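Protein chains in written order, with the numbering used here: chain A, 2 to 314; chain B, 2 to 314.
Note that CB positions come from ideal geometry on N, CA and C, so glycine has one too.
Bear in mind the structure is a predicted one, so any value in this text is a computation, not a measurement.
Some notes on the structure that comes next.
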DNA sequence: GGATCAATATACCATCGCGTTATGAAAATG
DNA sequence: CATTTTCATAACGCGATGGTATATTGATCC
């Protein structure tokens, strides 16, 4: 029993004739006529009362048309599913990135993304440069959000810069150092530090920044936690830490943290989106990437505006 | 979107592999493999995670397989419907016959038939010889049950005799004439008669029977009714009428009627089943015909047994 | 009831998808 | 690492399906 024949039958019955049914199916009338005749021959029973011109289905024809309708329904549902997938309204996006970025910036963007794209599942995972690169390259990750030195961008991957890799020294709002115009290494050394995980680029940034300032030895009071822990410690103490400026900027609304106005040499890294260059991404991944890029565009403008206001003030 | 592809996908997913799915579908493994590849190409998305050996469907594959299951279900239901039709367990039987036979004998047989064949619809209609023959010939009737003289059986139709065309004079139980051994035309003439419809063979039989007996003039008190009316009048009065013996025999259990032991020349007609000879009947019609024939076989034996007992008594 | 019209069936041909068998590649298993 | 299982590919024949053109048949309308 060919389900297409059932569909055909349903179309004929529901549209009241071969000609109309053929039109509904987007086929020619003779094609439908012949297929119907074939079906009747295979079944060995008339599906329509012969010799009647407004074609009238037999009981058997009616019963089979009922099943045909079910087939048609499932078929349409399947088409809808495929269409949603094709247009990126459903699917799976595997996104990876550096932990603090993901927690502090990307996660809320994902939330906004899913307010419209409710059927797109996002699998988030964490990692650092080499690991992320390898996973993007192998296809285990649709997109990675990470800071990279321009010269480290792999040839076979596509890297779209979205923000400069600006790090700042972060502390709680109301921290004694916030008001100071000029900060000395001595000021810095007085406070305990929260260190990011030892294998993270941020940790290296921290060391480099302090060394640049001249603060060679510093006290680490807390380390190894995720952003949520770090922020808790940061807001509950006078500790200092190094964070991407975008993270501080995004988190400011939710937690009383701020950045010290102290220049710490910027790493020559750029935050960007890393994707495979050769293969076509899934529609959902393409949408996600576009969304994230747009969000970062908006974020960049807000940061710029904020900085201008700071200067004017 | 080809519903067969959805079925295929469902089979693969539900049976956990191409090989098993192919077996379940009764196809070869390469065929399934290629069709699946084609489907994936058309959709433009992988339906199974590549590089995994216990083949694992993607979310999309899973969603489409769900629809495939619906198609499969409808398909199986359709097959079941067709099978029921083919084996005569469902369908339509258009049966026609002479009114008194249909009401008195056939209707209760139909009731028994439908106790097992609940999905076979029987369209019953009434008619007499020429009309019934024409309707069987034109295919408007699957089977006619009627008395026919052997020489009147049309060449192009098939006639299966089932009972001799025996008519009797019927009256209510307890009728004054029942006990009489020898009945004279004078006895007969004393009672009013119920006449069957004037265009019925039975009416002609009535006239012929009375003429044979020698009762030329007789009084008609009621005419034109169906069997139910005739029986009501018959049991509620001392009227007489002519009925097929099989009708009297069948009705005896339900109504207090009996037959007079008076020989009235038998018409040279035989009760039988008339069907088309050339074309194959529908399975349901075939079953129905076999059932009716068997019922009449049983009825014939019961009548014979009854008559033997009568003689012995 | 016959002419007309619309709907359905048939004829013919091209094509595409699907089926088969044979065989190769890759992944899991021990 | 060898073996086995499972999936993918190749090559080929066939049948179903799709198209256009045309015949046929109910239905309808004076």
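Handout entry: Delimiting residues of the beta strand (DSSP E) encompassing residue 120(A)
Key = 120 to 127
Problem - Option in 164(B), 213(B), 218(B) with minimal Cα separation from residue 190(B) - result: 218(B)
Exercise for the section: Decide if residue 47(B) is buried, meaning its Cβ has at least 16 other Cβ atoms within 10 Å, or exposed. Expected result: exposed
Exercise for the section: Note down the Cα distance separating residue 288(B) from residue 89(B), rounded to an integer number of angstroms. Expected result: 6 Å
Problem - Length of the line joining the Cα atoms of residue 280(B) and residue 160(B) - result: 14 Å
Handout entry: Whether residue 101(B) touches residue 228(B) by CB criterion (7 Å)
Key = yes
Problem - Rounded C-alpha distance that separates residue 108(A) from residue 15(A) - result: 49 Å
Handout entry: Where residue 202(B) falls, given that 16 or more other Cβ within 10 Å makes a residue buried
Key = buried
Problem - Segments of 4+ residues assigned as alpha helix (DSSP H) that fall wholly inside the stretch 39 to 108 of chain B - result: 60 to 87
Exercise for the section: Would you please verify whether the beta carbon of residue 71(B) is less than 7 Å from any beta carbon of chain A? Expected result: yes
Problem - First and last residue of the uninterrupted beta strand (DSSP E) at residue 165(B) - result: 158 to 165
Handout entry: Pairwise C-alpha distance: residue 297(B) and residue 310(B)
Key = 20 Å
Handout entry: C-alpha distance - residue 79(B) paired with residue 124(B), whole-angstrom precision
Key = 24 Å
Problem - Interface positions of the stretch 54 to 65 of chain B facing chain A (Cβ-Cβ less than 9 Å), listed along the chain - result: 59, 60, 61, 64, 65
Problem - Cβ neighbours of residue 18(A) in the same chain (closer than 6 Å, five flanking residues each side left out) - result: 56
Exercise for the section: Starting from the C-beta of residue 26(A), find all residues in its chain whose C-beta is less than 8 Å away, skip the five residues before and the five after it, and write them out in chain order. Expected result: 8, 9, 12, 33
Problem - Cβ-based neighbour list, residue 106(B), same chain, cut-off 7 Å, excluding 5 preceding and 5 following - result: 247, 248, 251
Problem - Segment contact flag, the stretch 195 to 211 of chain B with the stretch 226 to 245 of chain B, C-beta cutoff 8 Å, min 3 pairs - result: yes
Practice task
Could you check if residue 170(B) is buried or exposed, using at least 16 other CB atoms within 10 Å of its CB as the buried criterion?
Solution key: buried
Practice task
For residue 225(B), count neighbouring C-beta atoms within 10 Å of its own C-beta (all shown protein chains included) and say buried if the count is 16 or more, exposed if not.
Solution key: exposed
Handout entry: Straight-line gap, residue 41(B) to residue 168(A) (C-alpha atoms, nearest Å)
Key = 46 Å
Exercise for the section: Say whether the stretch 112 to 127 of chain B touches the stretch 146 to 165 of chain B, bearing in mind that this needs 3 or more beta-carbon pairs closer than 8 Å, one atom from each stretch. Expected result: no
Handout entry: CB contact below 7 Å: residue 115(B) versus chain A
Key = no
Practice task
Output the distance between the C-alpha atoms of residue 66(B) and residue 73(A), rounded to the nearest integer angstrom.
Solution key: 15 Å
Exercise for the section: Please state if the CB of residue 294(A) and the CB of residue 158(A) are separated by a distance shorter than 7 Å. Expected result: no
Exercise for the section: For the beta strand (DSSP E) holding residue 173(B), just list the boundary residues, first then last. Expected result: 168 to 173
Exercise for the section: Measuring only between beta-carbons, confirm whether residue 80(B) sits less than 7 Å from chain A. Expected result: yes
Handout entry: Proximity of residue 256(B) and residue 242(B) at Cβ, strictly below 7 Å
Key = no
Handout entry: Residue environment, residue 145(A), which counts as buried when at least 16 other CB atoms sit within 10 Å
Key = buried
Practice task
Pull up the distance between the alpha-carbon of residue 259(A) and that of residue 143(A), whole angstroms please.
Solution key: 33 Å
Exercise for the section: Check the Cβ of residue 8(A) against every Cβ in chain B and list those closer than 8 Å, keeping chain order. Expected result: 4
Handout entry: Whether residue 133(A) touches residue 166(A) by CB criterion (7 Å)
Key = no
Problem - In chain order, each alpha helix (DSSP H) run of at least 4 residues that lies wholly inside the stretch 228 to 283 of chain A - result: 228 to 236, 246 to 252
Problem - Any chain B beta carbon closer than 7 Å to residue 256(A) - result: no
Handout entry: Reduced DSSP category for residue 37(B) - H, G, I as helix; E, B as strand; rest coil
Key = helix
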